[in-house]
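Read the structure below first, then the notes.
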Amino acid sequence: MIIAERKPIERILQMIEPYQKIAVLGCRGCVAICSTGGDREVETLASALRLARKKQGKPLETIEETYVRQCDPEYLKPLAELKEKVEAVVSLACGVGVNLCADLYPDLKIYPGVDTTFYGANPALGEWEEKCRGCGDCIIDLTGGICPIARCAKNLLNGPCGGSQNGKCEINPDTPCVWQEVYDRLKARGELDRLTKIWPAKNWIPAGYGGPRRRVRPDLQINNKKA
Amino acid sequence: MSKMKLCVLCCHYTNEAMPEELADIPAKIHIKRFPCSGRIEVVDILRAFEDDAEGVLVAGCERNFCHNRTGSLRAAKRVEAARELLKEIGFNPQVVQMAFVPRLDTGAFIEEVKKLFEIILKTKS
Chain A
57 MIIAERKPIE RILQMIEPYQ KIAVLGCRGC VAICSTGGDR EVETLASALR LARKKQGKPL
117 ETIEETYVRQ CDPEYLKPLA ELKEKVEAVV SLACGVGVNL CADLYPDLKI YPGVDTTFYG
177 ANPALGEWEE KCRGCGDCII DLTGGICPIA RCAKNLLNGP CGGSQNGKCE INPDTPCVWQ
237 EVYDRLKARG ELDRLTKIWP AKNWIPAGYG GPRRRVRPDL QINNKKA
Chain E
979 MSKMKLCVLC CHYTNEAMPE ELADIPAKIH IKRFPCSGRI EVVDILRAFE DDAEGVLVAG
1039 CERNFCHNRT GSLRAAKRVE AARELLKEIG FNPQVVQMAF VPRLDTGAFI EEVKKLFEII
1099 LKTKS
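If you want it as structure tokens, here you go:
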């Protein structure tokens, strides 16, 4: 899922400084699952903002709503009505959601309430770890299902660096060296020979070379003229 | 001078104090009961301040004696989260206090409310 983290409240207060009535808009997708932008976080942030503004002597009125997904136009239709009731919106969706809201409603003053950080897994309650960088050319078939791009501090593709000590990364003693993990995993699977083969150079074009990436499935498009 | 407003968020088991038992404390005390202190959310604490409370006490069962096993431990974590948020918006985090009190012991509960009152008095001085 996409992982995000709430921005410092001071920063959000700066964004909404000119407004008296705003909406705090959550998303029940990834940001709800990573406990950053779901219903609970919406009501908490809205309350904190009201409290901060009350302390400043500039009361703030809020509307609290959470949509199923802010990355899908289908679920953003109610925003047309909501935007008429407020001066601005603070979205707790990931950057994708905020972008789409801004694209669909160009007159809407929408501000990000979170920083979108990484694609991660939820190994334990209250913990999220980066597992994928979205490079567009997955090579983890060669590395035992472990991504050296997302999980190596140097994104190395040709084995560990000199900072790998006792299976840990030099940047942080709590961070495992992903190349040690790759080696151990492949060894256990009897597939160490994968590491002795010369890989072709990784294709970085799908990683974003050439501007924003787009995916099309013509069989799902409604207005596909070729169909 | 208007009376200090305090809010107590607690579970059913930690507070059976009658209003007259809190009459010695020169504050307006609002008590909100929850089925379990583990059900108290950060936003409940913030809303108490929105409603003009100057201090909030979250009271849960003693550690390892919670009716729902870990409810009061959860409550303590929420208190920490609320303190962090309050600090971010310029409040003294001491305005929220967590108390683990024996179940059905009114005396210990009242003592904790008194302690909160004194802490708030200090933060105001």
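If you're matching them up, the sequences are chains A and E in order.
Number 138 in our numbering belongs to position 82 of the first sequence; there are no gaps in the numbering.
Number 1008 in our numbering belongs to position 30 of the second sequence; there are no gaps in the numbering.
Glycine residues also receive a C-beta, built at the ideal position from the N, C-alpha and C atoms.
Every value quoted in this text rests on a predicted model; they were computed, and no experiment measured them.
With a threshold of 8 Å between beta carbons, is E/F1027 in contact with chain A? E/F1027 counts as touching chain A.
Measure the alpha-carbon distance for A/I196 versus A/L212 and round it to whole angstroms. Looking at the two C-alpha atoms, the distance is approximately 13 Å.
Taking Cβ positions, are A/I65 and A/A102 nearer each other than 8 Å? Contact flag unset, no.
Decide yes or no for the touch test of the region 996 to 1003 of chain E against the region 1083 to 1094 of chain E: beta carbon pairs closer than 8 Å, at least 3 of them. These segments touch.
For the alpha helix (DSSP H) holding A/W184, just list the boundary residues, first then last. Counting along the chain, no alpha helix (DSSP H) covers A/W184; the unbroken beta strand (DSSP E) around it starts and ends at E183 to C188.
According to DSSP, is A/A283 helix, strand or coil? Annotation note: pLDDT 48 at A/A283 (below 50); position unreliable, coordinate value reported separately. In the three-state reduction of the DSSP assignment, A/A283 falls in the coil class.
Span of the alpha helix (DSSP H), counted from its first residue to its last, around A/L69: A/L69 -> alpha helix (DSSP H) spans I65 to M71.
For A/E99, the nearest candidate out of A/Q112, A/G218, A/E117 and A/K111 (CA to CA): Out of A/Q112, A/G218, A/E117 and A/K111, A/E117 has the C-alpha closest to the C-alpha of A/E99.
What would DSSP say about A/E137, mapped onto helix, strand or coil? Helix.
Considering only their Cβ atoms, is the gap separating E/I1007 from E/L984 smaller than 8 Å? Yes, Cβ-Cβ distance for E/L984 and E/I1007 is below 8 Å.
Just the Cα atoms here: how many angstroms apart are A/A283 and A/V272? Confidence is the limiting factor: at A/A283 the pLDDT is only 48, short of 50, which leaves the residue's position unreliable and the question unanswerable from this model.
Work out the CA separation of A/C127 and A/L156 for me, nearest whole Å. Answer to the nearest angstrom: the Cα atoms are 6 Å apart.
Cβ neighbours of E/L1082 in the same chain (closer than 7 Å, five flanking residues each side left out): Cβ-Cβ distances below 7 Å link E/L1082 to Y991 and E994 in the same chain, with the five nearest sequence neighbours on each side left out; the list follows chain order.
Relative to the ligand PLP, is the shortest distance from any of its heavy atoms to the C-beta of A/W184 smaller than 7 Å? The model on display carries no ligand, and the ligand PLP is accordingly not part of it.
Members of the region 83 to 110 of chain A that neighbour chain E once the beta carbon cut-off is set at 8 Å: If the cut-off is 8 Å between Cβ atoms, the region 83 to 110 of chain A has R96, E99, T100, S103, A104, R106, L107, A108 and K110 near chain E.
For E/V1079, would you say it is in contact with chain A, using Cβ-to-Cβ distances shorter than 8 Å as the test? Using a CB distance cut-off of 8 Å, E/V1079 does not count as an interface residue toward chain A.
Positions along the region 57 to 84 of chain A whose CB lies within less than 9 Å of some CB in chain E: Taking 9 Å as the upper bound on Cβ-Cβ separation, chain E lies near residues P64, I65, E66 and L69 of the region 57 to 84 of chain A.
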